[in-house]
Every structure is written in C-alpha cells, then in structure tokens.
Amino acid sequence: MKYKSYAILFSSLVLIMLSGCSPTEPATTSNNSLAPGKPAPNFTLQSNQGPISLADFKGKGVVLFFGYTNCPDVCPTGLSSLTQALKQLPKTTQQRLQPIFITLDPTVDTPARLAEYLRYFHSNLIGLSSNQQTLEQITQAYHVVYKRQPQPNSEFDFIQHTAYFYFISPTGKLSQYLPHQSSIENLKQALTMLVKTKQKELI
Amino acid sequence: MKMLISSALLLSSLFIATPTLACDDHKLEISDSYVREMPPASKNTAAYMQLKNTTDKPLKLLEVQSDIAKKIELHNIVNVDGVLKMQPQPYIEIAANNSLILKPGSYHVMMMGVKRQLKQGEEVKMTLKFEGGMTRELTAPVQPIMPKSAKAGS
Ligand SMILES: [Cu+2]
Numbered sequence: 002m003k004y005k006s007y008a009i010l011f012s013s014l015v016l017i018m019l020s021g022c023s024p025t026e027p028a029t030t031s032n033n034s035l036a037p038g039k040p041a042p043n044f045t046l047q048s049n050q051g052p053i054s055l056a057d058f059k060g061k062g063v064v065l066f067f068g069y070t071n072c073p074d075v076c077p078t079g080l081s082s083l084t085q086a087l088k089q090l091p092k093t094t095q096q097r098l099q100p101i102f103i104t105l106d107p108t109v110d111t112p113a114r115l116a117e118y119l120r121y122f123h124s125n126l127i128g129l130s131s132n133q134q135t136l137e138q139i140t141q142a143y144h145v146v147y148k149r150q151p152q153p154n155s156e157f158d159f160i161q162h163t164a165y166f167y168f169i170s171p172t173g174k175l176s177q178y179l180p181h182q183s184s185i186e187n188l189k190q191a192l193t194m195l196v197k198t199k200q201k202e203l204i
Numbered sequence: 508m509k510m511l512i513s514s515a516l517l518l519s520s521l522f523i524a525t526p527t528l529a530c531d532d533h534k535l536e537i538s539d540s541y542v543r544e545m546p547p548a549s550k551n552t553a554a555y556m557q558l559k560n561t562t563d564k565p566l567k568l569l570e571v572q573s574d575i576a577k578k579i580e581l582h583n584i585v586n587v588d589g590v591l592k593m594q595p596q597p598y599i600e601i602a603a604n605n606s607l608i609l610k611p612g613s614y615h616v617m618m619m620g621v622k623r624q625l626k627q628g629e630e631v632k633m634t635l636k637f638e639g640g641m642t643r644e645l646t647a648p649v650q651p652i653m654p655k656s657a658k659a660g661s
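Those protein sequence lines, which keep their order, are chains W and X. Take the first sequence: its position 145, counted from the start at 1, is 146 in this note's numbering, and no numbers get skipped. Take the second sequence: its position 130, counted from the start at 1, is 637 in this note's numbering, and no numbers get skipped.
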C-alpha cells in the first residue's frame, strides 16, 4: 500500500515535469544512464576537509545541487528552501541526510570559499570543487547544462544553469530530482522518502 | 542670521517638494520591498518589491540607482529549455491599474558589486526612475531569503 502510493506520487511528479509547465527534466540528451532507480554517477572532488566521494555516504540519503557562489538569485533561493526543509525535519531524519553543493565556477569557488558561503545556509552542507575537466565529466554525468553569460564588465559574469535537486538513496541510486523552486513541503517529502527507502531495504 | 535664511529656504523648498511626492503616491504604490541578505563571499544581491500602478496608463520603471552597488540593472529570469538565464531588461512595465511583483526567480533589481556584505537589520536607500520623469525614493530593509511558501507555512 505504502509502495503503491509512493509509485503514484512519483509517476505524477514525472508527469508534471514532462508536461512542460515546469522546466524540462535534466535528462535532455539520449544518454539515459541518469534515471530514477539507476545508480547515481559517483564522483571524487575537493572539499575544504580533503577529497570527498559520493560513495562515502552509503547508508545516508544525499541531496545534490549544482551552482556557484556569485549566483544572485537561483542558487540562494534553492539553498534557502533546501536548508529550511532540512531544519524542519526531525533530528533523527536530518542525521541520515547529507546535502552537497558542487560548483559550476571552479576558478572562483575554491573549497574554502564554498565552505564560507555554505555555512550561511546550513552547517551540514558540504561544498565541492575541482578542476574544470573533472567538473565537466560530473556535470555531463548529471545532465547539468550550464554556460557562462558574459557581461560587458567581466567582473559581473553570470552562469546560466539548470537547477535541480538530485535525491540519491542510501544505496546510491537516484531517487528523483526536483526543480530549485520546489516548495519546502515538496522538498521535505522527498527527503523523508529517501530515509524511508533505507528502512524498507533493511527489513 | 545667514543660517536662519538658509534654513527658511530649505524649509520652503521642502514644502514645494511635498505636493509632487503626494501626487506620485497616487500613481504608484510600492510595498513589500526588501533587499536579499548576502551570504559571505558573495558580491551580488537583488532587490524585490511589489509595484502597483493605479493609473489607467502603463508605467515603465527605467532605472534604479543606489550607491550601495557598483552596477544596478533590471533583470528577469527566463527558462530556456530548463536552463535559467538572467536577462537584462531595458525597462520593467507595470500595466494600467495593475500590480507587478518583483520576486526571486522572476523580475528583480540586480545589484552587482555590492560594497559590503548586507545583513538583516540594515536598510538600503535607492531611487526608482520611471518614464515621464517620475522618481521615487525607497528605503528597503535587508531580509534573509525566505521563499513565499515558507512564509505561508505550507
Ligand atoms: Cu539578475
């Protein structure tokens, strides 16, 4: 029964995404390796505490977001909603979740700068950076589309980007993705679902 | 004596200025204005507000000035095949007898190269310039990013 309602909820989410009223889903290419139920691509990147891999968080639900610290509107809005959703969950649920932010602007966003920026939102948020080439591979694997939007004064360059939360189950599978403007309620549901997945698998 | 004259002059100029302001008030109402609090390490922020045009003619916001930022532009966020793109706008039009809300993910006043990290409790002064020469002074509080859904408690 629980599983059925989960399936209905999830397929309706996918339908909403495909209906075109919200941004198109991240899987825009013919490469279908990124799909709910499939293993989320692993990565190893630099945090201000040293290298971190997705595989390090087996047993925890991971929520992944790509962006950059100079992002004036989209990233702060998404991060703010996510951290509010996290803070509203019971402590025990929060302990089973790991939020991760990966930069799209590695020349500016050093691991130290990311840590300083993310502390403002949530103390558990991990910020990851690397060289351009490594980040290119990971963004491709996650179907993140982004492009520098040069301004007349290069000091004010912006980066256009897709903005989705990727929810990765404690067994490392992509559970679902949601757009950055999702309500706190929807984010809370998605996060709770991740933790429930683990309980189901343990039984 | 000199000071008295100059203050009298200043006072009279205030009286002259007041009726114009009152007149503008009938054309445009600004509410819920705020500037987004800035996370450390960030140089950019945005101002958001509700603009209500009470006339039967469209009103165009052409420019916002403030000495808090190196550069201020009017922007909109558009979704091009799932990629979110900030587009500079030559103006923001408020339709006749209508309201327009500047909010995250939509129209906003983009503040680039902000001179200090703005925190909640501070205020930002700005001047809004409209087509036809109308200007409005605005003092907006700095507030944390709080999505609408959180305010509603839903
Ligand atoms: Cu902008």
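Backbone N, C-alpha and C fix where the C-beta goes; we use that ideal spot for every residue, glycine too. Since the structure is predicted, the reported quantities are computational estimates derived from the model, not experimental observations.
- Across the stretch 562-581 of chain X, CB contacts with chain W closer than 7 Å involve Lys578, in sequence order along the chain.
- Under the Cβ distance rule, Arg97 (chain W) does not count among the residues neighbouring chain X, no pair being separated by less than 7 Å.
- Checking the 6 Å criterion, the Cβ of Met617 (chain X) is within range of a heavy atom belonging to ligand 1.
- Taken in chain order, the complete beta strand (DSSP E) segments of 3 residues or longer contained in the stretch 41-87 of chain W are 45-48, 51-54, 62-68.
- The C-alpha of Leu566 (chain X) lies about 45 Å from the C-alpha of Ile127 (chain W).
- The continuous stretches of alpha helix (DSSP H) do not include Glu156 (chain W), and DSSP gives it neither H nor E.
- Counting C-beta atoms within 10 angstroms of its own C-beta, Arg543 (chain X) has 16 or more neighbours from the protein chains shown and is therefore classed as buried.
- Separation of Ala647 (chain X) and Phe58 (chain W) (C-alpha to C-alpha, rounded to the nearest whole angstrom) is 43 Å.
- Where Leu635 (chain X) is concerned, the enclosing beta strand (DSSP E) starts and stops at 630-637.
- When the five nearest sequence neighbours on each side are left out, the beta carbons in the same chain lying within less than 8 Å of the beta carbon of Ser538 (chain X) are those of Met556, Gln557, Lys559, in order along the chain.
- Short of 6 Å from the beta carbon of Thr45 (chain W), and not among the five residues preceding or following it, lie these beta carbons of its own chain, in chain order: Pro52, Ser54.
- Boundaries of the alpha helix (DSSP H) around Arg114 (chain W): 112-120.
- Proximity of chain X to Arg149 (chain W) at the Cβ level (cut-off 7 Å) is not reached, the minimal Cβ distance being about 12 Å.
- Listed along chain W are Asn71, each with a C-beta nearer than 8 Å to that of Lys550 (chain X).
- Separation of Thr78 (chain W) and Ala553 (chain X) (C-alpha to C-alpha, rounded to the nearest whole angstrom) is 11 Å.
- The beta-carbon of Val145 (chain W) is placed no less than 7 Å from the nearest beta-carbon of chain X.
- Met641 (chain X) sits in coil when the DSSP states are folded into three classes, being neither helix nor strand.
- Taken in chain order, the unbroken stretches of beta strand (DSSP E) that lie wholly in the stretch 136-195 of chain W and span 3 residues or more are 147-150, 159-162, 165-169, 175-180.
- Annotation for Thr562 (chain X): no beta strand (DSSP E) segment contains it, and DSSP assigns it neither H nor E.
- Using a cutoff of 6 Å, the CB of His181 (chain W) does not count as near ligand 1, since none of the ligand's heavy atoms is closer than that.
- Under the Cβ distance rule, Met641 (chain X) does not count among the residues neighbouring chain W, no pair being separated by less than 7 Å.
- Judged by beta-carbon spacing, Gln95 (chain W) lies within the 7 Å limit of Leu87 (chain W), meaning their Cβ atoms are closer than that value.
- Of the other Cβ atoms in all chains shown, fewer than 16 fall within 10 Å of the Cβ of Gly628 (chain X); this residue is therefore exposed.
- Excluding the 5 residues flanking it on each side, Leu90 (chain W) has same chain C-beta neighbours closer than 8 Å at Leu98, Lys189, Leu192, Thr193, in chain order.
- Phe66 (chain W) and Tyr165 (chain W) have their C-alpha atoms some 6 Å from each other.
- When distances are taken from the beta-carbon of His582 (chain X) to the heavy atoms of ligand 1, the shortest one is below 6 Å.
- Taking the Cβ atoms as the reference, Asn71 (chain W) lies roughly 6 Å from Asn551 (chain X), within the contact range of under 8 Å.
- A Cβ-Cβ distance of about 6 Å is found for the pair Ile101 (chain W) and Leu129 (chain W), placing them in contact under the 8 Å criterion.
- Looking from the CA of Phe159 (chain W), the closest CA among X:Met633, X:Lys622, X:Val590 belongs to X:Val590.
- Closer than 7 Å at the C-beta level to chain W, one finds these residues of the stretch 611-630 of chain X: Pro611, Gly612, His615, Met617, Met619, Gly620.
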